[in-house]
Amino acid sequence: MKSFVVKLADFFKLDRSRTGNGDNFDENKRHLRIPIYQREYKWDRPKIQCLIQDIANHEKFLGIIILDENDIAYEIVDGQQRITTCFLILMVMYNRCNGQPIEQQHILNLMQPYNGRFVLSNDSIGEFISVSNGHIRLCIDDENDIYLQKEKFQAAYDTIYGELSKMNSNELRDFQRKLRACEVLVMINETHTDTQPIEQIFLDINEKSQLLDCEDIFKGHCFENFDDDGRHQELRNYW
């Protein structure tokens with residue numbers, strides 16, 4: 000598992016050139032996916048408001064993001080609530096800058112850094128945002144909304160829009176700078192030889208009923224790297 004610290008702007012770009020690290024993101028993988036085994040988006044109004052206020056007050060460390068590297072993308076194992084919220088913040092900021100094409104393009108370059116495709120996708124809701132005529136909108140199809148998240152996403156968007164509407168142009172510009180400068184510690188699981196897929200570990204141990212906090216992530220990492228010779232039950236008992 001490799002790890003490095005990167006600014007949020009470079010995280011969304013999956014940029015290996017600006018981290019000062021010779022071995023971080025794979026230049027051939029240009030997509031972030033929230034896999035279907037992850038829980039639904041759950042952040043409520045107080046959590047979203049707290050994040051926005053924290054970023055507005057200072058350049059914030061956003062914590063650890065765990066990624067699982069596969070052949071074509073990086074799957075978000077831990078951190079999807081924070082990453083999704085930050086992506087929704089970018090969406091609102093883009094809409095708040097309507098009529099300012101240069102500002103909007105700077106934001107869109109973070110959200111669509113490669114080939115005009117949004118860098119973040121969520122397998123449990125399909126394509127969930129679209130852009131046209133200077134506006135980005137939520138477009139969650141009911142048939143693709145496996146965990147019934149449509150209202151939660153809309154409530155999150157409305158909360159973010161309400162918070163950013165309190166800022167004048169200068170404050171919004173300063174907030175955008177601080178958001179881009181926020182840092183995350185990225186940890187990437189890149190080795191799968193003779194190990195179980197990480198999503199199977201979390202389904203087996205957590206059964207989607209517990210939050211994936213630091214202890215859960217460490218536990219999952221131990222299980223993935225523990226020889227599966229019939230002794231997994233011993234390790235379960237230990238935990």
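Sequential numbering of the sequence shown, starting at 0, is according to numbering that gives the first Met the number 0. Where is the CB? At the ideal position from N, CA and C, for every residue including glycine. Keep in mind the model is a prediction, meaning the values are calculated, not measured.
Pairwise C-alpha distance: residue j and residue i
i: Thr190; j: Val5; result: 21 Å
i: Asp77; j: Ile63; result: 8 Å
i: Lys207; j: Glu39; result: Confidence at Lys207 is low in this model, with a pLDDT of 42, below 50, so the placement of that residue should be treated as unreliable; the coordinate-derived value is given next. The alpha-carbon atoms of Lys207 and Glu39 are separated by roughly 10 Å.
i: Asn94; j: Asp157; result: 12 Å
i: Ile71; j: Ile187; result: 14 Å
i: Thr83; j: Met0; result: 23 Å
i: Cys239; j: Glu74; result: Missing from the structure shown is residue 239; the chain here goes from 0 to 238 and no further.
i: Leu239; j: Ile88; result: This structure gives no information on residue 239, because the portion of the chain shown stretches from 0 to 238.
i: Leu270; j: Asn23; result: In this structure the chain extends from 0 to 238, so residue 270 is not present and cannot be described.
i: Asp193; j: Asp25; result: Caution applies to Asp193, whose pLDDT of 49 falls short of 50 and renders its modelled position unreliable; the value that the coordinates give is listed next. Approximately 22 Å, taken between the alpha carbons.
i: Ser16; j: Leu7; result: 14 Å
Identity of the residue in the options nearest residue i by Cα
i: Asp53; options: Cys181, Asp70, Asn188 and Glu150; result: Cys181
i: Lys28; options: Lys46, Gly78, Asn69 and Pro34; result: Asn69
i: Ala155; options: His57, Leu13 and Lys41; result: Lys41
i: Arg136; options: Tyr73, Lys59, Met90 and Arg15; result: Met90
i: Asn121; options: Leu109, Asp144, Ser131 and Gln99; result: Asp144
i: Asp43; options: Lys151, Phe86 and Tyr113; result: Lys151
Buried or exposed (CB count within 10 angstroms, at least 16 for buried), residue i
i: Ile101; result: exposed
i: Leu31; result: buried
i: Leu178; result: buried
i: Glu9; result: Inspection of the sequence shows that residue 9 is occupied by Asp rather than by Glu. By the neighbour-count rule (16 or more Cβ atoms within 10 Å), Asp9 is buried.
i: Glu245; result: Lying before the first or after the last residue shown, residue 245 is absent from the chain, which here runs from 0 to 238.
i: Ile35; result: exposed
Check whether residue i and residue j have beta carbons under 8 Å apart
i: Val183; j: Leu66; result: no
i: Phe3; j: Val118; result: no
i: Gln153; j: Ile124; result: no
i: Gln79; j: Gln111; result: no
i: Ile159; j: Ile51; result: yes
i: Gln103; j: Gly133; result: yes
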